[in-house]
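In this note's numbering, the protein residues as written are 10 to 299.
We treat Cβ as the ideally placed atom computed from N, Cα and C, and that holds for glycine.
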């Protein structure tokens, strides 16, 4: 990955990031509030993990027909989205605890979704949050041409119809992530980042284990046919993918969110903290449901 810098000589921009951090830290200090999650965060994690796991346990242990099972799979998909956005994501950002092992434990729920924590740490924490909305750097807006999410991405003739086909494609998010993790790991290695020892083997083993649990166990322990199990597997991932993609897009790929492109010297002409405000949509702040 080529080098990119955020540079602006305006004094206010230079001071903005440190001023925000200073004020935020002062707020938590004055209110005697921890910057990490309290007990409600653990309750949330328990509920979301239960929404994902309990329906699956029922499918495996209670004799039911296909339609009730598919409803349970739909609920699992909602739970999977919740685990991905509000358990794994928070753990990967170190939000649960001062203890790294606690955060790593919750981040590892990624494996329950068929994906990989190391890939996520690089793709999301490092590339997305550093180079938000910058095509060629932020892999979250790079769909390999399937859907055009950046004004700087190549424009294909079929993109004029993406208002029709894009939303169904959102349902492929988690399924494609599960498959494309191997290529993503190679991309990370080529970027110059040192991979943990045996990470590719770990990636393969965890995916085999995931597929055995999510597909193999229903085939072994229930009377559902192979095509019914695969239908449930597809519904699970499409449900989770639809929810997660929609929420992720709302934060950055909407009107008003800046999609900058570096100049010839590889510079974004804004300080990083200022650029983050321009590139992010702080949506639905007063929505009690969200």
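- Nearest in C-alpha terms to residue 122, of all of 45, 100, 61, 77, is 61.
- With respect to residue 57, residue 88 sits close: the two C-beta atoms are nearer than 9 Å.
- Under DSSP, the beta-bridge partners assigned to residue 277 are 15.
- Distance from residue 94 to residue 256 at the Cβ level is roughly 6 Å; contact confirmed, criterion being Cβ atoms closer than 8 Å.
- Looking at 245, 199, 26, 154, the one whose alpha-carbon comes closest to that of residue 167 is 154.
- Remark: C-beta atoms of residue 45 and residue 101 do not approach each other more closely than 9 Å.
- In the three-state reduction of the DSSP assignment, residue 85 falls in the helix class.
- In this structure, residue 193 lies away from residue 142, with their beta-carbon atoms at least 9 Å apart.
- Residue 91 and residue 188 have their alpha carbons spaced roughly 21 Å apart.
- Close CB contacts of residue 245 within its chain, under the 7 Å cut and outside five residues either way in sequence, are with 82, 85, 86, 89 (chain order).
- Between residue 144 and residue 124, the C-beta spacing is not below 9 Å.
- DSSP, reduced to helix, strand and coil, places residue 93 within a helical segment of the structure shown.
- Fewer than three beta-carbon pairs drawn from the stretch 191 to 209 and the stretch 268 to 276 are found closer than 8 Å, and the two stretches are therefore not classed as touching.
- Closest in alpha carbon position to residue 50, among 99, 283, 286, 287, is 99.
- Counting only the Cα atoms, residue 229 lies some 29 Å from residue 54.
- Apart from sequence neighbours up to five positions away, the residues of its chain that approach residue 26 with a beta-carbon distance below 6 Å are 282, ordered along the chain.
- For residue 183, the enclosing alpha helix (DSSP H) covers residues 182 to 199.
- The three-state reading of DSSP puts residue 291 in coil, since its state is none of H, G, I, E or B.
- In the three-state reduction of the DSSP assignment, residue 108 falls in the coil class.
- With 16 or more neighbouring CB atoms inside 10 Å of its own CB, residue 136 falls in the buried class.
- With a 10 Å radius around the Cβ and a threshold of 16 neighbouring Cβ atoms, residue 41 comes out exposed.
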